[in-house]
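Novice: Just so we're on the same page, our numbering is the position in the sequence shown counted from 1, plus 235. Idealized CB from N, CA, C, for every residue including glycine. Remember, predicted model here, so these are calculated numbers, not experimental data. Here's a structure for you.
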Amino acid sequence: MDTLNPDHPPLIETPATPRVWKFWGTALWGLVIFVAMFVGQIGAIVLLVAQRDLPMDIASLQLVGHEPQALALSVIMGLPATLAVVWLAIRIKKASFADYLALHWPSWKQLLFGAVGLILVVLVWETMSRALGREATPGFMTDLLKSGRDKGAALMLLVAFAVAAPMSEEVLARGFLYRGWSASFLRVPGAIILSSLVWTVVHLQYDLYFLAEVFTIGAWFGYMRYRANSLWLTVVLHALNNLTAVVLTMWLGG
236 MDTLNPDHPP LIETPATPRV WKFWGTALWG LVIFVAMFVG QIGAIVLLVA QRDLPMDIAS
296 LQLVGHEPQA LALSVIMGLP ATLAVVWLAI RIKKASFADY LALHWPSWKQ LLFGAVGLIL
356 VVLVWETMSR ALGREATPGF MTDLLKSGRD KGAALMLLVA FAVAAPMSEE VLARGFLYRG
416 WSASFLRVPG AIILSSLVWT VVHLQYDLYF LAEVFTIGAW FGYMRYRANS LWLTVVLHAL
476 NNLTAVVLTM WLGG
């Protein structure tokens, strides 16, 4: 009866500290993940240029890269590259991929709350855009999506912007970056802000006004990632946001 013997107190197992990359490890791996995403995307364009026997130069890459089908394929090919490097970074820490990225399904209440909040954020920016006489969607995106619809690339663009892009960007921002930075000196608030800033940088093709909108949406996603402890929740919200924007722009004039 060692448990009752004061000379032999019961052993208390201390839970193992989760293996997590902290601030600098997360930052460096985040840079590698971003580069991998870019390489995967540009690699798709390079492949298309090679298949058409075009000169392998900047002009050819730009020419092909502006085509809706090519751009959609580029976005799609960024996903496996992103997942591969994220898996490697987590594997090195000998951690669970699903637990590290919080790949847990949210409840319907969490999903509803996140969707309502997202709608409110978007409506605020929509109202501001109308009041300022600004377009609600960047002009180049409107041209791209309508061109893709007319050229038979609507389905590819839907898959790219409503599936591949949300998964790639959420795995990087609210998945890997948030996980490591929230466990560092930044804690949860700092991790939400910094990961949202990084996500905003990914969208530098927009002007400052749209970048501000991207940041606020990213901050909401970050809050929901914290509140629900679910990356799937932010992936779904991101996908719904992009899907709505693509469908409205393609078929309802933006």
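Can you tell me which of the three DSSP states H339 falls into?
Specialist: In this structure, H339 counts as coil in the three-state DSSP scheme.
Novice: Just to confirm the assignment: which complete alpha helix (DSSP H) runs, minimum length 4, are found wholly within the segment 240-315?
Specialist: Listed in chain order, they are 258-286 and 293-300.
Novice: Can you list, in chain order, the residues of its chain with a C-beta nearer than 7 angstroms to that of V423? Leave out the 5 residues immediately preceding and following it.
Specialist: Contacts found: S417 and Y461.
Novice: Where does G383 sit, in a helix, a strand or coil, going by DSSP?
Specialist: G383 falls in the helix class under three-state DSSP.
Novice: Looking at the unbroken alpha helix (DSSP H) that takes in F450, where does it start and where does it end?
Specialist: Per DSSP, F450 belongs to the alpha helix (DSSP H) from L443 to A463.
Novice: By Cβ distance below 7 angstroms, which residues in the same chain neighbour V267 in space, the five residues on each side in sequence not counted?
Specialist: Result list for V267: V320, in chain order.
Novice: Using only the alpha-carbon positions, how far apart do R287 and F420 sit?
Specialist: Spanning the two alpha carbons is a distance of roughly 51 angstroms.
Novice: Rounded to whole angstroms, how far is the Cβ of G278 from the Cβ of M312, which I believe are closer than 8 angstroms?
Specialist: So it is a contact: roughly 6 angstroms between Cβ atoms.
Novice: In angstroms, rounded to a whole number, what distance separates the CA positions of G489 and W340?
Specialist: Summary for G489: the model assigns pLDDT 49, below 50, so the residue's position carries little reliability, and this model does not support an answer.
Novice: Would you mind giving the Cβ-Cβ distance between V449 and Y441, rounded to the nearest angstrom? I have them listed as a contact below 8 angstroms.
Specialist: So it is a contact: roughly 7 angstroms between Cβ atoms.
Novice: What does the Cβ neighbour count give for A400, buried or exposed, with the cut at 16 atoms within 10 Å?
Specialist: Its Cβ being crowded by 16 or more others within 10 Å, A400 is buried.
Novice: Taking the alpha carbon of G260 as the reference point, which residue from G453, R414 and N476 has its own alpha carbon closest?
Specialist: With distances taken between Cα atoms, G260 lies closest to R414.
Novice: So, with DSSP's three-state summary, where would you put S331?
Specialist: Note: S331 maps to coil in three-state DSSP.
Novice: For K257, tell me which candidate among F273, A324, P315 and S364 has the shortest Cα-Cα distance.
Specialist: Of the candidates F273, A324, P315 and S364, the one whose C-alpha sits nearest the C-alpha of K257 is A324.
Novice: Using 8 angstroms for Cβ pairs, my map puts G453 next to A408. What's the rounded Cβ distance?
Specialist: Sure, about 7 angstroms apart at Cβ, within 8 angstroms.
Novice: Leaving out five residues on either side along the sequence, give the residues of the same chain with a beta carbon under 8 angstroms from the beta carbon of P250.
Specialist: Caution applies to P250, whose pLDDT of 47 falls short of 50 and renders its modelled position unreliable; the model cannot decide the point.
Novice: Where does S419 sit, in a helix, a strand or coil, going by DSSP?
Specialist: Residue state, collapsed to three classes: coil.
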